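J.: The structure under discussion is supplied below as structure tokens; questions concerning it will follow.
Now the structure itself:
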């Protein structure tokens, strides 16, 4: 891959200047306009909550970033590996569970220190938030849990074990789970409360719940070494700590995160550029964009991560986004497609990576209803729920303006309702269909190099394509 | 009914002593042991939160008890009635909606001031809590909403009306709903997030959701006059304000609430008596029990309210509970049978009525799964969820000890696992089956007069009984 042109956006390839890593940033003037995002909707609805200004990056949930990878010093990893290999019980992780192990190990879910015990699971399901040790609520909307089959549950409980090894498909130890708690995996209730439906055909449910065990095992994690996938993309998998370091190195005084699982078109780019402009107008001196494609499990008809990264690279090479103010990295979480519930997770995880502004669009983390001809979620619920969510008060939510293709100007622009017939809405489905059929989108919809990647991807899928081609790399 | 013997428990029949209504109560010594109820369960689970001592009754949610009935003074009710009669749009309330109107009108759902608008609905569904005007979270776990059909929705929206009349089955105006907001009633999502299942056969869903409109209308309420049912039981329907007055009159320095929808047996009575003993040991001087049967919609095989009230009366007449320290009143809410979600509503509403202690048992608000051979909820989830619920921090949760029939002592007693074979568990279903078959339960299970009422109730149901016999009185 020709990555040079994009080097300054891809921080892991940029030259490091060690001397300015510890710079303490001056606080920007109060960005008063942002406070307006909290709509007053009468009754006892969400009240305006002030914007918090900080002299440095936003604080992680719980006050301290959790990092669960055993330090290298003093042969501690080797010791952990030996201990894990000697433990009587080994729980084998599937693809999605390994992605969650990755997520937990780097503190995206801070202050969680491992797979959820029942108290955390119940709070996530019922309140989308968990009370931390200090009594404060932190947001936590999706259960991060580890299923366990009944035979293994009985064996572990009969032995009285308090620690188990977590291993990969080849029985290689990945982590030790300690002070364990085993409790029932009520799948129906979990699905209903997370997705707001129990209709068959939810991608995450099919992938990671339906055939999973009827028990869940929670506990504290010690992860033996950083999770790697060896798919040529590991250098983009920056941990929250690494991202925070990069933002500090760049003297960022505001970080705005953009979660995506689709190719970037010029409407997205317009939005990100416009957001930076707005932040500068608010008085921030150096707002930095975290362009943060999701890297974990996605449904079969989404474009795979490796192709999306190639597409993002072209978009950056062709100058659609400003390299100086953009950091591209992979967010290791699997995708739930749980709409308003999941968008909270997407936002919360980015707080832990240092983002204090979060861009939210129409129908975030949404999809079609699996059995009915409609979207599963109301397109506005995501941003409404996000703006009211407990534990996200410190995050500034930036709702999307709607961008569409302006047939008069021949470019993507913010939709102008006064001349609505001039605009063309090109959905993700429409975009994918065009690329599949090797048709071109209208000029100015996406940079040519980026579009070419998309067409190549669909070309690479023959009608008889083995379904494994649609799969992402699995952590090795 | 021969109510005299129970007069002092039924406050509305007791002689009033106006002089002591305004007594300010001295704070009891700190009840340190109660703080232990918050289990430490590791990780980021619920932390111990201190017990709040108050010099008077516990504060209502939002700081002030909401009362939405138009005051009688100055002909205001007549004016409201005239206005309502003249409004262009009338939304007709069914039985359950009228019960919610009753609930809202008296402030059980404080700080809610009317049927939920979308922001409140979404917060209830996703967070089981709503952010009040002061930014603090108050608990609100079940949606209190008013469905609207599509034709009426279009008519209201076309007219631009901001106020509509709410009327009963005979078109009599009950209330005015103002500053209205109309939004979609996504039934599947509402059901999944409230019950944790979408299985057919949920009693509340069948009664109030399945055939309801596809829209919801929220707004602020002015209720024209107090809701009455004219079923001979209205004198037990004390509002939160009336209950607070009664507790003050009795110089209560602790109020412990017991929610029930079943006949009282001696196990319940033991529990309530024991709770009072524990509160006295903690240093409270005058703990008062609020025995608070639910009076709204219940499923067809529950014992109807009128028979339950007769049964409670007998239990009190026969001295099973102490009249001096018991207030019996009806809680006007309909029943959801939504387990851990609903128990929060049951507890929250009692805060508004002045209760600072809440007794919670096994599987509160639970029922059998409608389509599978198991309980719908884990029997322990109710008390766990309740103890962690946002907005209920100020309420002291008292988990049930399990009472069962001790065949050696021939009485209900707390279950002793060291001689477990001596105990007999008699479920609600078992109790109902015995009464239906005119069989007697073991001596000491229930006072004889109370049992007789139950048998009479089942006798009154002939095999060909019209199903309307199973229905409760509807607000007139």
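Residue numbers (my numbering), protein chains in the order written: chain A, 1 to 476; chain B, 477 to 952.
Glycine included, each C-beta is placed from N, C-alpha and C at the ideal position.
Just so you know, these numbers come straight off a predicted model, no measurement behind them.
With 16 as the cutoff for other CB atoms within 10 Å, does residue 135 of chain A come out buried or exposed?
T.: Here the question's residue 135 of chain A lines up with position 135 in the first chain. So residue 135 of chain A ends up on the exposed side.
J.: Does the beta carbon of residue 513 of chain B sit closer than 8 Å to a beta carbon anywhere in chain A?
T.: As a working note, residue 513 of chain B is residue 37 in the second chain. Only weak support is given to the placement of residue 513 of chain B: the predicted model assigns it a pLDDT of 32, under 50, and the question is left unresolved by the model.
J.: List the endpoints of the continuous alpha helix (DSSP H) containing residue 929 of chain B.
T.: What you label residue 929 of chain B is simply residue 453 of the second chain in a count that begins at 1. Run containing residue 929 of chain B: 924 to 936, per the alpha helix (DSSP H) assignment.
J.: Relative to the alpha-carbon of residue 925 of chain B, which residue among B/739, B/849, B/640 and B/858 has its alpha-carbon at the smallest distance?
T.: Numbered from its first residue, the second chain carries residue 925 of chain B at position 449. Here the closest residue by C-alpha is B/739.
J.: What does a CB cutoff of less than 8 Å around residue 352 of chain A pick up in its chain, not counting 5 residues either side in sequence?
T.: Translated into positions along the first chain, residue 352 of chain A becomes position 352. For residue 352 of chain A, where only same-chain residues beyond five positions count, the Cβ hits under 8 Å are 60, 61, 65, 107, 108, 109, 110 and 240.
J.: May I ask you to verify whether the segment 250 to 267 of chain A touches the segment 296 to 306 of chain A, counting CB pairs closer than 8 Å and requiring at least 3?
T.: Judged by pairs of C-beta atoms under 8 Å, the segment 250 to 267 of chain A touches the segment 296 to 306 of chain A, as three or more such pairs exist.
J.: Count the C-beta pairs between the segment 366 to 382 of chain A and the segment 400 to 418 of chain A that are closer than 8 Å, then say yes if the count reaches three, no if not.
T.: Output reads no: the segment 400 to 418 of chain A does not touch the segment 366 to 382 of chain A.
J.: From residue 916 of chain B to residue 909 of chain B, what distance separates their C-alpha atoms?
T.: On the second chain, residue 916 of chain B is found 440 positions in, with the first residue counted as 1. On the second chain, residue 909 of chain B is found 433 positions in, with the first residue counted as 1. Using only the alpha carbons, I get a separation of about 10 Å.
J.: Assuming the contact rule is C-beta atoms closer than 8 Å, residue 192 of chain A and residue 847 of chain B should be a hit. Round their C-beta distance to whole Å, please.
T.: Translated into the one-based positions of the first chain, residue 192 of chain A becomes position 192. Translated into the one-based positions of the second chain, residue 847 of chain B becomes position 371. Cβ atoms of residue 192 of chain A and residue 847 of chain B stay farther apart than 8 Å, at about 13 Å.
J.: What residue range is occupied by the uninterrupted beta strand (DSSP E) comprising residue 204 of chain A?
T.: Position 204 of the first chain, counting from 1, holds the residue named residue 204 of chain A. Element bounds for residue 204 of chain A: not the beta strand (DSSP E) but the alpha helix (DSSP H), 203 to 208.
J.: In chain order, what residues of the same chain lie with their CB nearer than 6 Å to the CB of residue 456 of chain A, ignoring the 5 residues before and after it?
T.: Residue numbering aside, residue 456 of chain A sits at position 456 when the first chain is read from its first letter. Here the set comprises nothing.
J.: Need the endpoints of the beta strand (DSSP E) that residue 882 of chain B sits in, please.
T.: Sequence index remark: in the second chain, residue 882 of chain B carries index 406 (1-based). For residue 882 of chain B, the enclosing beta strand (DSSP E) stretches over residues 879 to 882.
J.: Can you list the residues of chain B that residue 388 of chain A reaches, using a CB-CB cut of under 9 Å?
T.: Position 388 of the first chain, counted from the first residue, corresponds to residue 388 of chain A. Correct list: 595, 598, 599, 602, 603, 606 and 607.
J.: Kindly indicate which three-state DSSP category residue 538 of chain B falls into: helix, strand or coil?
T.: Within the second chain, numbered from 1, the residue matching residue 538 of chain B stands at position 62. In the structure shown, residue 538 of chain B sits in coil (DSSP, three-state: anything other than H, G, I, E or B).
J.: Grouping DSSP H, G and I as helix and E and B as strand, with all else coil, what is residue 784 of chain B?
T.: Mapped onto the second chain, residue 784 of chain B falls at position 308. Helix at residue 784 of chain B.
J.: Can you tell me the Cα-Cα spacing of residue 526 of chain B and residue 865 of chain B, whole angstroms?
T.: Walking along the second chain from the start, residue 526 of chain B turns up at place 50. Walking along the second chain from the start, residue 865 of chain B turns up at place 389. With a pLDDT of 33 at residue 526 of chain B, under the threshold of 50, the modelled position of this residue cannot be trusted; read the value that follows with caution. Their Cα atoms are separated by approximately 15 Å.
J.: At 3 residues or longer, and completely inside the segment 811 to 847 of chain B: list those beta strand (DSSP E) runs for me, N to C.
T.: 833 to 836
J.: Within this structure, are the beta carbons of residue 770 of chain B and residue 823 of chain B separated by less than 8 Å?
T.: For the purposes of this step, residue 770 of chain B is taken as residue 294 along the second chain, with counting starting at 1. For the purposes of this step, residue 823 of chain B is taken as residue 347 along the second chain, with counting starting at 1. No. Outside cutoff.
J.: What residues from chain A crowd round residue 858 of chain B, counting only those whose CB sits closer than 9 Å?
T.: As a position in the second chain, residue 858 of chain B is number 382, starting the count at 1. Here the premise fails: no neighbours, minimum Cβ distance about 10 Å.
J.: From the DSSP output, read off the bridge partner residues of residue 175 of chain A.
T.: For the purposes of this step, residue 175 of chain A is identified with residue 175 of the first chain, where counting begins at 1. Answer is A/166 and A/223, bridged to residue 175 of chain A.
J.: Determine whether the Cβ of residue 52 of chain A lies closer than 8 Å to any Cβ atom of chain B.
T.: Position 52 of the first chain holds residue 52 of chain A. Summary for residue 52 of chain A: the model assigns pLDDT 37, below 50, so the residue's position carries little reliability; its value from the coordinates is reported in the next sentence. It does not: the Cβ of residue 52 of chain A has no partner Cβ on chain B nearer than 8 Å.
J.: Cα separation between residue 458 of chain A and residue 435 of chain A?
T.: For the purposes of this step, residue 458 of chain A is taken as residue 458 along the first chain, with counting starting at 1. For the purposes of this step, residue 435 of chain A is taken as residue 435 along the first chain, with counting starting at 1. Taking the straight line from one Cα to the other gives about 7 Å.
J.: Following a CB-centred definition, is residue 544 of chain B positioned closer than 7 Å to any heavy atom of the ligand NAD?
T.: Summarising the ligand content, the structure contains no ligands, and the ligand NAD is consequently not present.
J.: Have a look at B/693, B/636, B/639 and B/640 and flag the residue whose alpha-carbon is nearest the alpha-carbon of residue 662 of chain B.
T.: Indexing the second chain from 1 puts residue 662 of chain B at position 186. Residue 662 of chain B has its Cα closest to that of B/693, out of B/693, B/636, B/639 and B/640.
J.: Quick one: what's got a C-beta closer than 7 Å to residue 203 of chain A's C-beta in the same chain, skipping five residues either side?
T.: Position 203 of the first chain, counted from the first residue, corresponds to residue 203 of chain A. If we look at residue 203 of chain A and ignore the five residues flanking it on each side, its Cβ neighbours are 299 and 337.
J.: CB residue 256 of chain A to CB residue 355 of chain A, shorter than 8 Å?
T.: The residue labelled residue 256 of chain A in the question sits at position 256 within the first chain. The residue labelled residue 355 of chain A in the question sits at position 355 within the first chain. Against a cut-off of 8 Å, the Cβ pair of residue 355 of chain A and residue 256 of chain A comes out as a contact.
J.: Could you tell me how far apart the beta carbons of residue 559 of chain B and residue 652 of chain B are, in whole angstroms, since I believe they sit closer than 8 Å?
T.: Counting from one through the second chain, the residue named residue 559 of chain B turns up at place 83. Counting from one through the second chain, the residue named residue 652 of chain B turns up at place 176. Sure, about 6 Å apart at Cβ, within 8 Å.
J.: Applying a beta-carbon distance threshold of less than 8 Å, which residues of chain A neighbour residue 931 of chain B?
T.: Sequence index remark: in the second chain, residue 931 of chain B carries index 455 (1-based). Those within 8 Å of residue 931 of chain B in chain A number zero; the least Cβ separation is about 37 Å.
J.: Using the Cβ count rule (16 or more neighbours within 10 Å means buried), how would you classify residue 838 of chain B?
T.: As a working mapping, residue 838 of chain B is identified with position 362 in the second chain. Classification of residue 838 of chain B: exposed, given that the 10 Å Cβ count is below 16.
J.: Between the Cα of residue 403 of chain A and those of A/57, A/425, A/394 and A/68, spot the shortest distance and give me the residue it belongs to.
T.: Here residue 403 of chain A refers to the residue found at position 403 when the first chain is read from its first residue. Cα-wise, what sits closest to residue 403 of chain A is A/425.
J.: With 8 Å set as the bound, which would you pick, yes or no: does the beta-carbon of residue 674 of chain B sit closer than that to a beta-carbon of chain A?
T.: Here residue 674 of chain B is taken as the residue at index 198 of the second chain, counted from 1. Against chain A, the CB of residue 674 of chain B has a partner CB under 8 Å away; the residue lies at that interface.
J.: In the segment 648 to 669 of chain B, which residues sit with their C-beta less than 9 Å from some C-beta in chain A, listed in chain order?
T.: Within the segment 648 to 669 of chain B, the residues whose Cβ lies closer than 9 Å to some Cβ of chain A are 655, 657, 659, 660, 662, 664, 665, 666, 667, 668 and 669, listed in chain order.
J.: So that I know if they touch, is there some Cβ in chain B lying closer than 8 Å to that of residue 91 of chain A?
T.: Residue 91 of chain A sits at position 91 when you count from the first residue of the first chain. Cβ-Cβ to chain B under 8 Å: no for residue 91 of chain A.
J.: Please report the distance separating the alpha-carbon of residue 451 of chain A from that of residue 677 of chain B.
T.: Along the first chain, one-based indexing puts residue 451 of chain A at 451. Along the second chain, one-based indexing puts residue 677 of chain B at 201. Cα to Cα, the separation comes out at about 51 Å.
J.: Listing by chain order, which chain A residues have their CB less than 9 Å from the CB of residue 613 of chain B?
T.: To locate residue 613 of chain B, count along the second chain from 1; it is residue 137. The contacting residues are 137 and 390.
J.: Residue 214 of chain A to residue 149 of chain A, Cα distance in whole Å?
T.: Translated into the one-based positions of the first chain, residue 214 of chain A becomes position 214. Translated into the one-based positions of the first chain, residue 149 of chain A becomes position 149. Spanning the two alpha carbons is a distance of roughly 6 Å.
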